[in-house]
Every structure is written in structure tokens, then in C-alpha cells.
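Encoded as C-alpha cells, the structure appears first; notes follow it.
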Amino acid sequence: MPRLCILLLVPVGIWLAQQPDPLWRFIPRRPESIIIHHSASPPRVHGRPIDAAAIDAMHARRGFGIVHEGKVFHIGYHYVVLPDGTVQAGRPEECVGAHARPMNEHSLGICLVGNFHSADNPSGAQGPVRPTPAQIEALVELCARLCRTYRIPIEHVCRHRDVGQTACPGDRFPFEAFRSRLRDRLEHGGHSMKDEPWQRGE
């Protein structure tokens, strides 16, 4: 039996335009695409690292929320990749994200921590101007697993900017090089991270 998710709406005034679609829905689904984002932030803010927990708190203030198996997930992304290559789980894969309208219902969202747009982070004052090698390697492995699991074609692995009015994940994100590595991984196999589903910390 497929697992079920319920969208939870939290009214928050000025953030209404940012909320998930205003419907309660039962959502058994199979993702058809992967959308890559950056956090558009430095790795740390006010001394606190930007990670899945920090993004969850930020998205809670924006009114995002989904109930899954009795737990509320505010984070709109399904995964977050830290500068050291650590992959943290966000929303469960089977739940609709809140990261790239109008593609949310049929996509998985992956966010790399950092600001890779030259206009916003020209000199690296907000952290690395490009994804770290560890982030790219982790992203390749994660996307390869998701593509195999859900039979997502590599042409459906895209940037947020490809589907929305945004620069995300920045002009310094090496998309073509990343997708070339992903294609090679999918065609020739081999991986350095386990293919098992990520374990979520409580």
C-alpha cells in the first residue's frame, strides 16, 4: 500500500504567496524530475551553520508545511547537500515539495548550501563561489540513486532557473560538467556512497 502525505497550510499573512498549493491532498506519487537549487546564503549565519534544520526553520516562517506519518516537515527540499559533501534528508521523497512551482508535484528538490551567483557573491564573502568538489561528488551520487530508483531520465535533471524566473542555483554552478559526470555514472556505474535510503535524524 502506498504511503500517504497530507499538505498542511499555515496562514502567515505576507507569506501567503509563498505557501504550498491551498489543498489537502493524499499523494501517492512517483517523481519525474530532479531540480537543483542553492541556498543563496553563506554556509553560516549568525554563527549557526545552514543545514536542513536551519532551512526547515526558515521555511516554517514562510508558511511551508506537510504532515507525513505524524510529523510536520517545513523544509521545501527533499535533500540538502552541505559544503563538506554531507547529504541531509529534508521532506520524504514521496511527499510533494515546496521548491519550484509549478514543478513541485512531479519533482524532487535538492539544495546545495552556498551562494553560487556572481552578482550576489562576487568575491566569496558569502562562502565558496562555486560548489565544493565534495558537494558535486555527493550530488552526482544522490542524483544517480534517485534516477535509478524512479527511472528519471538525465534530461529531467535540471536547475531551478530552467523551470522558474530565478538565477538559482547561480551562474557559477557547473551544470554541464555536473550532468556529464552524472551521465557517466549512470552509464558506467560505480559509486562511493551507499544506495540505501538516507536515515533521518529526529
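Numbering (the working numbering) for the sequence shown: 1063 to 1264. Virtual Cβ for every residue (Gly too), placed ideally from N, Cα, C.
Any non-hydrogen atom of the ligand MN within 7 angstroms of residue i CB
i: Lys1133; result: Among the components of this structure there are no ligands whatsoever, and the ligand MN is therefore not found.
Supposed close pair residue i, residue j - CB separation, criterion 8 angstroms
i: Leu1201; j: Val1143; result: 6 angstroms
i: Phe1127; j: Ala1196; result: Per the sequence shown, residue 1127 should be read as Gly rather than Phe. About 31 angstroms separates the two Cβ atoms, so there is no contact after all.
Spatial neighbours of residue i in its chain, beta-carbon cut-off 7 angstroms, leaving aside the 5 residues before and after
i: Arg1110; result: Ala1116
i: His1161; result: Ile1097, His1099, Gly1138, Tyr1139 and Gly1171
i: Arg1241; result: Ile1216 and Val1219
i: Arg1123; result: none
i: Thr1228; result: His1222
i: Pro1231; result: Ile1098, His1099, His1100, Leu1174, Phe1178, Arg1221 and His1222
i: Asn1166; result: Val1158, Gly1159 and Ala1160
i: Leu1244; result: Val1202, Cys1205, Ala1206, Ile1216 and Val1219
Same chain only: Cβ atoms within 8 angstroms of residue i, ignoring 5 sequence neighbours per side
i: Asp1118; result: Phe1135, His1136, Ile1137 and Gly1152
i: Glu1094; result: His1168, Ser1169, Tyr1212, Ile1214 and His1218
i: Leu1248; result: Ala1206, Cys1209, Arg1210 and Ile1216
Nearest candidate by alpha-carbon position, reference residue i, set the options
i: Arg1234; options: Leu1248, Leu1174, Arg1210 and Arg1245; result: Leu1174
i: Arg1163; options: Pro1236, Arg1245 and Asp1224; result: Asp1224
i: Val1149; options: His1250, Pro1093, Leu1204 and Val1219; result: Leu1204
i: His1108; options: Gly1251, Ala1239, Phe1237 and Gln1188; result: Gln1188
i: Val1129; options: Pro1145, Arg1106, Met1120 and Glu1155; result: Glu1155
i: Phe1237; options: Asp1246, Ile1198 and Gly1251; result: Ile1198
Own chain, CB closer than 6 angstroms to residue i, minus 5 neighbours either side, in chain order
i: Ala1102; result: Asn1177
i: Pro1104; result: Gln1188 and Gly1189
i: Thr1061; result: Within the shown structure, residues of the chain are numbered from 1063 to 1264, placing residue 1061 beyond reach of any answer.
i: Gly1226; result: Ala1162
Any beta strand (DSSP E) of 3 or more consecutive residues that is wholly inside the segment 1156 to 1213: Residue ranges of uninterrupted beta strand (DSSP E) with 3 or more members, entirely inside the segment 1156 to 1213 and ordered along the chain, are 1169 to 1174.
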